[in-house]
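Residue numbers (my numbering): 616 to 829. C-beta: ideal position from N, C-alpha, C; glycine also. Read through the structure below, which is laid out as structure tokens, and then see the notes.
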């Protein structure tokens, strides 16, 4: 005789009702902090406009360096495309979320990173994906300015492979346009400065010695 299912063993669907309107979020190039941030937009904007402005913010953020923004976008993908990443990028190792990307250009890759994270926010309200993309973008540029070309090249090639833009099982030569360019750091600027203090100190010592001999 068949028994009815135990009510406690049946997972009930839960519906969440939000009383407050969803905040309008944007990715913004914050010049003051020198980072890409997730900001709240006070005025109402269409979703295509949000995607476009957020894309422009990342391109602007990446343009203040000697290298191609395309290199930094691939490095960002190398950081983001991991099974352990939050949805929509992460997931099971055999089928993580990022495999849904099927574009063939850097522009489409940037579009995917932005659009998929915003779609996640619009559907689920959680901004984890947006914060994650912003952190990957900031980390990519920070690593670039740290200047370890080997680590950067590895991340860039990883991003290109996971995006499907180069083959996994073949050696790859980095094109000239995507190669690392060393940035001038603050220490470099200080090293190139003309300093007169040591000579001034020497002249002062000489004057004191002359006075003592008089």
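Considering residue i, what are the terminal residues of the beta strand (DSSP E) in which it resides?
i           : result
residue 793 : From DSSP, residue 793 is part of no beta strand (DSSP E); its letter is neither H nor E.
residue 653 : 650–655
residue 643 : 640–645
Just to confirm before moving on: does the CB-CB distance between residue i and residue j stay below 8 Å?
i           : j           : result
residue 733 : residue 639 : no
residue 793 : residue 670 : no
residue 759 : residue 680 : yes
residue 703 : residue 742 : no
residue 752 : residue 651 : yes
residue 690 : residue 762 : no
residue 755 : residue 687 : yes
residue 701 : residue 747 : yes
residue 683 : residue 644 : no
residue 740 : residue 637 : yes
Could you give the C-beta distance for residue i and residue j, rounded to a whole number, given that I count them as a contact under 8 Å?
i           : j           : result
residue 777 : residue 696 : 4 Å
residue 646 : residue 749 : In fact, because the Cβ distance is near 15 Å, the residues do not count as touching under 8 Å.
Between the Cα of residue i and those of the options, spot the shortest distance and give me the residue it belongs to.
i           : options               : result
residue 765 : 797, 751 and 782      : 797
residue 723 : 773, 667 and 770      : 667
residue 699 : 708, 691, 692 and 693 : 708
residue 661 : 689, 717, 649 and 737 : 737
residue 745 : 770, 716, 673 and 646 : 673
residue 783 : 748, 791, 772 and 790 : 772
residue 693 : 789, 768, 787 and 791 : 768
residue 757 : 649, 730 and 787      : 649
residue 677 : 791, 789, 725 and 731 : 725
residue 731 : 791, 713 and 721      : 713
residue 663 : 715, 719, 657 and 729 : 729
Between which two residues does the alpha helix (DSSP H) holding residue i run?
i           : result
residue 743 : 743–761
residue 740 : Counting along the chain, residue 740 falls outside any alpha helix (DSSP H), and DSSP gives it neither H nor E.
residue 673 : 662–678
residue 774 : 764–777
Is any beta-carbon of chain D found at less than 8 Å from that of residue i?
i           : result
residue 653 : In the structure shown, chain D does not exist; there is a single protein chain.
* Which parts of the stretch 688–716 are runs of the beta strand (DSSP E), unbroken and 3 residues or longer, counting only runs that do not cross its ends? -> none
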